[in-house]
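To start, the structure itself, in structure tokens.
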Amino acid sequence: MGKKLATRQAYGETLVEIGEDKRIIVLDADLSKSTNTDKFKKVFPERHFNMGIAESNMMSVAAGLATTGKIVFASSFAMFASARALEQIRNSIAYPRLNVKVCASHAGITVGEDGASHQCIEDIAFMRAIPGMIILNPCDDDTTRKAIKAVYEYNGPCYVRLGRLTVDPVYDESVDFEIGKSILIKDGKDVTVIATGIMVQEAVKAEKILQKEGISVRLIDMHTIKPIDKEAIIKASNDTGKIVTCEEHNIIGGLGSAVSEVVCENAPCMVKKVGIKDKFGKSGTPAELMKKYEITADDIVKSVKEICGR
């Protein structure tokens, strides 16, 4: 298995691995220790720039650098990278389709004690609405490393969602990772659970509980939110007839919405959403908040039982 790390830590380490490519420039908004881009700075200081607490300007600079052939990784907390700099990402990066990777850490309510102002639960919705934006939300060390390498090789704008919390490994380095292609963790026939980000770990726990109770779960890691794996969703709907989505994000505009869109247009079935139910976060420990906002393994089990009529 991979290492027990926060996905932001795996991001920082992977930047160093690919950093020999002199086209890579890393920008940060005065949070390099938190986003872990400081690792890149120590090895390649001439290609790391602290842009200060000026995220909108950072994205504009990233766009300018990309026009000269650079591959730019721009990082800050998800709240500031996605919301504060949304106009620059849309108009300066995505519209001209420039080669900028917005790698946003500290996403979701597991930011914890920092509270609602820093707990970004809307970023996937923001980015999904931007034409041509690739969105990745890896769950652990190994998928994060492969996600960063995948966006490095991809020519165009990308948004990578990263977390603050240290998480258990789900995979090892042999895992196959492809943009737009989900990972089937376990097959099953009664219901499909589609999870993304740290909710993959919760879904794995839930599947084990449900298996003991005689419910066969197909478990899918939807690490790419856009372009979403329509084929896997349609197959799940046709095969199991019931889907539960799991995300550390508002249920409006995120994974649940994306899955529902595919299902409605191609293979209608019941979809239940486990996620933040259109509420702002609060200050607390990650465990307390996951329980309060009903995004734990127990909540997934409850939703699966409801949709299965158990």
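As numbered in the working numbering, residues 1404 to 1713 make up the sequence shown, in order. Beta carbons: idealized from backbone N, C-alpha and C, even for Gly. These figures come from a predicted structure and were not determined experimentally.
When the five nearest sequence neighbours on each side are left out, the beta carbons in the same chain lying within less than 6 Å of the beta carbon of I1428 are those of R1450, L1468, K1473 and V1475, in order along the chain.
With a threshold of 16 other beta carbon atoms within 10 Å, M1404 falls short and is exposed. Residues N1540, M1625, E1650 and L1658 of the same chain have their beta carbon placed closer than 6 Å to that of T1599, with the five preceding and five following residues left out of the count.
The beta carbon of D1571 lies closer than 8 Å to those of K1407, D1543 and Q1604 in the same chain, with the five residues before and after it left out. Within the stretch 1431-1516, the complete alpha helix (DSSP H) runs of at least 4 residues fall at 1435-1438, 1441-1446 and 1458-1469.
Residue environment for P1560: buried (at least 16 other C-beta atoms within 10 angstroms of its C-beta).
Under the criterion of beta carbons closer than 8 Å, I1612 and A1700 qualify as touching, at roughly 7 Å. Going by DSSP, V1620 is part of the beta strand (DSSP E) stretching over V1620 to D1624.
Between Y1414 and V1563, the C-beta gap is smaller than 9 Å, which places the two residues in contact.
For N1641, the enclosing alpha helix (DSSP H) starts and ends at K1633 to T1643.
If you keep only unbroken alpha helix (DSSP H) runs of at least 4 residues inside the stretch 1526-1600, you get 1526-1531 and 1544-1556. Under the 10 Å beta carbon count, F1683 is surrounded by fewer than 16 other beta carbons and is classified as exposed. When secondary structure is reduced to three states using DSSP, T1410 falls in the helix class. Distance between F1443 and G1422, taken at the CA atoms: about 7 Å.
Apart from sequence neighbours up to five positions away, the residues of its chain that approach G1591 with a beta-carbon distance below 6 Å are S1619, V1620 and R1621, ordered along the chain. Under the three-pair Cβ rule at 8 Å, the stretch 1689-1703 does not count as touching the stretch 1548-1555. Counting along the chain, M1673 sits inside the beta strand (DSSP E) bounded by residues M1673 to I1679.
Around A1488, the same chain offers E1458, S1459 and M1462 as residues with beta carbons nearer than 6 Å, after the five sequence neighbours per side are excluded. Looking from the CA of N1453, the closest CA among A1497, S1435 and I1637 belongs to S1435.
Using a Cβ distance threshold of 9 Å, S1508 and S1479 count as a contacting pair.
Taking C-beta atoms as the reference points, G1566 and T1688 fail to come closer than 9 Å. Residue environment for T1440: buried (at least 16 other C-beta atoms within 10 angstroms of its C-beta). Secondary structure remark: continuous alpha helix (DSSP H) runs of at least 4 residues inside the stretch 1651-1705, in chain order: 1658-1669 and 1689-1695. Taken through DSSP and simplified to helix, strand or coil, K1425 comes out as coil. Around the beta carbon of A1532, fewer than 16 other beta carbons sit within 10 angstroms, so the residue counts as exposed.
In this structure, DSSP gives I1524 a state outside helix and strand, which the three-state scheme calls coil.
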